[in-house]
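As structure tokens, the structure follows; a few thoughts come after it.
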Amino acid sequence: MSTSTRMEIDIPLQHIEPIETSSLPTLNQQQSDDNITMTMGHDELNDILANLNIDNLLENTNNIITENVTETIHRRGNHYMAATNHYTGLYTLGTFTFTCSHCRALHFLCEKNSRNVYSNCCKDGAVHLPPFDSYPEQLRVLFQDREFMENVRYYNNSFAFASLATNTINPPGRGPYVFKVQGEIRHYISNVSTNISNERRQYGNLYFLDTELANQLRSAGPQNRTELNRETVDVISNYMHSHNPFAQAYRFLKDVYQEQQHNNRQLTLELYINNNRARDINFRQYGAVQANEIAAVFISEDGRPPLDRCLHVYCRDNDQIIHELPYLSVNCDAMTYPLLHPRGEPGWQSGTAHQRRRGKLTQQYIVDAYVKIEQSRLQFITENQPRIRQEIFQGLIDYLDSRQLDVHYQPGNIFILPSTFIGSPRAFRQNYLDAMSIVTKHGKPDIFLTFTCNPVWPEIRNNLDTNQHSSNRPDFVSRVFKSKLKELIEDIDKRHVMGICVAYVYVIEFQKRGLPHAHMLIWLEGSDKILDSAAIDRLISAEFPDPITHPNLHELVKVHMLHGPCTAARCLDDEGQCSKQFPKSLREDTLYNSSGYPLYKRRPIEVPIHIGRRTVDNGWVVPYNAYLLEKYEAHINVEACSSIKSVKYLFKYIYKDLIELKLSCEL
């Protein structure tokens, strides 16, 4: 009767130097945080003792262990396949209290770069901004008023000197406010017309009227969708006339005009605005901006303007000609957003350091600023085509030339948007080809994951002002989502919580209502690939968990992972059917389909679940991973990729702009 001998050797992990080799199947390995326990049978031990003397036993055993633990320790780590289990608690970024050593901007600790410094504020001290004066107290209190915050864009436009012209898009359905534009953004100012009706006066023309009449028109003007509070209008008006240099310049133009009328002199009056005021002057350090620093009134007997590059505003009868305000003008922001620049500060010196509440006006300002940056980049590309390797598509030009007699047009110049310009066809094409190169090497991806920002994450909720919504702070929401996405990528790529990741690609989009989300494709190593129904069930669920054993996960599925309700704005097609095919059919087990999409296990439940007026079952559950859902508490859709057809669809989906985008530039 044979007997077995059990031998246990504990070796601290810190003494093991991992190397690349294959594991030994005869060893039964058990891993803990501090040691490795090896178990061998009697025959294996005799074989070792027959070939080794006892003095070398520990050394050779250490070599065996060193080779064997490489896969599980060095590559897999303690978090390997953690996504097959549950996660306790919610992952948070910590407190928003860490400051940059240079500019004192607030950060989360995880926002440090690889050099252990904060660089997304002042580029580690490379960008120097002057200190900001405190925002005027009489205006600050207005931002605590709900009515003012709800109509802040109308209040701003009522006192603006320049208008913002663009094609705005209103997202369908209900939801938080979103400022969305399509195409270019332009800024205009108009001449001062002396004889137009008061009801038609807007922007700078209102400053030409008496204050009482101007405020009456502002509070009940046709340009506003709602009547504005007259007391609030008076507060803003008093401050603007006392401290804003543009308001003072328009008032001076009015005084000169009235003086000329009193003297019966018919001269051309012109307000010219200095677009070249020194950019290096610290206006806050040397005092408030003066009206004569940015504008002056010019009186001409022959009507000829001064020879300079200033912006001219004429004072004429029935003259409503508008002038475009250069988008990079130092005065553009101050004239368009007087509530953000009440003292007429230069535009580039304003921004995130204003310690006042953000709202709908902030959304417009951020979009406007981004479009200016994009326009500046496009202008550089246009003017530097030889440096960017301009290509002349002679065949296309010859084709257009051959048709010009029929369609009566001349072909324009062709400009190349390089792949470094995000959103250009070359950028999408390059990303798509990179992804397909990964498919060539590693085959189809194994997991398709969609990660959506949760607007009630504690990091967002705890840093909003009273009565402020996450939609009022798209800048901060994006920062939090970026940090959470970085942690998710660490989980997948470094910690291998879903298996050893050999490659991944992702794109970030913004939903119609403004929240960012990421689409990600993940490739797993051969031994971890999802090749059967059991592998799918280990990582993906499409059911409500047991509310008794997993109450927190059950609630998270109810909040984040249910589809619907189906509406025309969301998912209903022309026939009134859900375009996502919800609710799904119920079934007792998962069906793996190597040539199509898997059918997830969705068993019937005994007690229907009521959410508001809805009654739902497992047919409405969006597939998810319990570990990721519990850790991030957000909508994280996890799908298994089963076929090459699904791969093509997924790449088309995440890079859909490559197909939809058609750019035409005729100059």
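Residue numbers (the numbering used here): 494 to 1160.
By construction, the Cβ of each residue, glycine as well, lies at the ideal position given by its N, Cα and C atoms.
Just so you know, these numbers come straight off a predicted model, no measurement behind them.
- Task: With DSSP as the reference, please indicate the residues paired to S1177 in a beta bridge.
- Result: With the chain covering only 494 through 1160, there is no way to say anything about residue 1177.
- Message: How far does the beta strand (DSSP E) with C994 in it extend, from its first residue to its last?
- Response: Counted from its first residue, the sequence shown places residue 994 at position 501. From DSSP, the beta strand (DSSP E) with C994 extends over C994 to F1003.
- Out of curiosity, what's the CA-to-CA distance linking N956 and T588? To locate residue 956, count along the sequence shown from 1; it is residue 463. To locate residue 588, count along the sequence shown from 1; it is residue 95. The C-alpha of T588 is placed about 9 Å away from the C-alpha of N956.
- Task: Taking 7 Å as the cut-off, decide whether the C-beta atoms of I1033 and P1116 are in contact.
- Result: As a first step, residue 1033 must be located in the sequence shown, where it is residue number 540. As a first step, residue 1116 must be located in the sequence shown, where it is residue number 623. Against a cut-off of 7 Å, the Cβ pair of P1116 and I1033 comes out as a contact.
- Message: Is it buried or exposed, G916, if we count other Cβ atoms within 10 angstroms and call 16 or more buried?
- Response: Within the sequence shown, residue 916 is the residue found at index 423, counting from 1. The residue is exposed, with fewer than 16 neighbouring Cβ atoms inside 10 Å.
- Query: Considering M828, what are the terminal residues of the alpha helix (DSSP H) in which it resides?
  - Reply: The residue given as residue 828 occupies position 335 in the sequence shown. Here the alpha helix (DSSP H) through M828 covers C825 to T829.
- State yes or no: is the beta carbon of N606 nearer than 7 Å to at least one beta carbon in chain B? The structure shown contains no chain B; it holds only a single protein chain.
- CB-CB under 7 Å to P584, same chain, minus the five flanking residues each way: which ones, in chain order? On the sequence shown, position 91 is the one that residue 584 refers to. It should be pointed out that residue 584 corresponds to Tyr in this sequence rather than to Pro. Excluding residues within five positions, the ones whose Cβ falls inside 7 Å are E980, K1124 and Y1125.
- Query: Alpha carbon to alpha carbon, what distance is there between V1109 and M1054?
  - Reply: Here residue 1054 is taken as the residue at index 561 of the sequence shown, counted from 1. Here residue 1109 is taken as the residue at index 616 of the sequence shown, counted from 1. Here the alpha carbon of M1054 sits roughly 12 Å from the alpha carbon of V1109.
- Query: How is the alpha helix (DSSP H) around T704 delimited, first residue to last?
  - Reply: Counting from 1 along the sequence shown, the entry for residue 704 is found at position 211. Where T704 is concerned, the enclosing alpha helix (DSSP H) stretches over T704 to S712.
- Task: Specify the secondary structure class of C603 as computed by DSSP and reduced to three states.
- Result: The sequence position of residue 603 within the sequence shown is 110, counting from 1. Reduced to three states, the DSSP call for C603 is helix.
- Tell me where the alpha helix (DSSP H) around R633 begins and ends. By 1-based counting over the sequence shown, the position of residue 633 is 140. Residues E630 to R633.
- Give the single residue among F739, Q923, P918 and D927 whose Cα lies nearest to the Cα of R834. The residue given as residue 834 occupies position 341 in the sequence shown. The residue asked about is misnamed: residue 834 is His in this sequence, not Arg. When only C-alpha atoms are compared, the closest one is F739.
- Message: Taking 6 Å as the limit between beta carbons, can you name the residues of its chain near L1084, skipping five residues before and five after?
- Response: As a working note, residue 1084 is residue 591 in the sequence shown. Around L1084: L1092.
- Enclosing beta strand (DSSP E) for R1107 [first to last residue]: As a position in the sequence shown, residue 1107 is number 614, starting the count at 1. Taken as a continuous stretch (DSSP letters only), the beta strand (DSSP E) holding R1107 covers R1107 to V1109.
- Item | CB-CB length for Y647 against L702, believed under 8 Å | To locate residue 647, count along the sequence shown from 1; it is residue 154. To locate residue 702, count along the sequence shown from 1; it is residue 209. The Cβ separation is near 19 Å, so there is no contact.
- If you run the structure through DSSP and keep just helix, strand and coil, what is P1009? By 1-based counting over the sequence shown, the position of residue 1009 is 516. Looking at P1009 - three-state DSSP - the assignment turns out to be strand.
- Own chain residues within Cβ distance below 8 Å of S1072, not counting five before or after: Indexing the sequence shown from 1 puts residue 1072 at position 579. Excluding sequence neighbours, S1072 sits near C1064, L1065 and D1066.
- According to DSSP, residues forming a beta bridge with S656: What you label residue 656 is simply residue 163 of the sequence shown in a count that begins at 1. DSSP, once it has assigned bridges, lists Y681 as partnering S656.
- Task: With distances taken Cα to Cα, identify the nearest neighbour of S1026 among C1134, K937 and T704.
- Result: Position 533 of the sequence shown, counting from 1, holds the residue named residue 1026. Ranked by Cα distance from S1026, the first of C1134, K937 and T704 is C1134.
- Task: Note the first and the last residue of the continuous alpha helix (DSSP H) segment covering I982.
- Result: Sequence index remark: in the sequence shown, residue 982 carries index 489 (1-based). Counting along the chain, I982 sits inside the alpha helix (DSSP H) bounded by residues P967 to I982.
- Item | Closest by C-alpha distance to K1022, when choosing among P1044, H1128, C994 and P967 | On the sequence shown, residue 1022 is found 529 positions in, with the first residue counted as 1. Considering only alpha carbons, the answer is C994.
- Item | Cβ-Cβ distance between A996 and T829 below 7 Å | Here the question's residue 996 lines up with position 503 in the sequence shown. Here the question's residue 829 lines up with position 336 in the sequence shown. Contact flag unset, no.
- Message: Using 7 Å as the threshold, is the C-beta distance between G837 and N737 below it?
- Response: Your numbering for residue 837 matches position 344 in the sequence shown. Your numbering for residue 737 matches position 244 in the sequence shown. Yes, the pair counts as a contact, with Cβ atoms nearer than the cut-off.
- Message: Is it the case that the region 969-980 contacts the region 933-949, given that we only count it when at least three CB pairs across the two stretches are under 8 Å?
- Response: Contact holds: three or more Cβ-Cβ distances are below 8 Å.
- Could you pull out every residue in the same chain whose Cβ sits closer than 7 Å to the Cβ of N606, ignoring the five residues on either side in sequence? As a position in the sequence shown, residue 606 is number 113, starting the count at 1. Closer than 7 Å at Cβ, skipping near neighbours: S612.
- Kindly list the residues whose CB is nearer than 6 Å to the CB of I931, restricted to its own chain and excluding five residues on each side of it in sequence; keep chain order. Numbered from 1 along the sequence shown, position 438 holds the residue referred to as residue 931. Cβ within range, chain order: A996.
- Query: For K937, which three-state DSSP category applies?
  - Reply: Numbered from its first residue, the sequence shown carries residue 937 at position 444. Looking at K937 - three-state DSSP - the assignment turns out to be coil, as it is neither helix nor strand.
- Message: N960 and L832 - do their beta-carbons sit closer together than 7 Å?
- Response: For this step, residue 832 is matched to residue 339 along the sequence shown. For this step, residue 960 is matched to residue 467 along the sequence shown. No, the Cβ-Cβ distance between L832 and N960 is not below 7 Å.
- Query: Quick one: what's L1065 bridged to in DSSP?
  - Reply: Against the sequence shown, residue 1065 aligns to sequence position 572. For L1065, which the question treats as bridged, DSSP gives the partners C1071.
- Item | Contact set for A707: own chain, Cβ-Cβ below 6 Å, skip 5 residues either direction | Numbered from its first residue, the sequence shown carries residue 707 at position 214. Here the set comprises L699.
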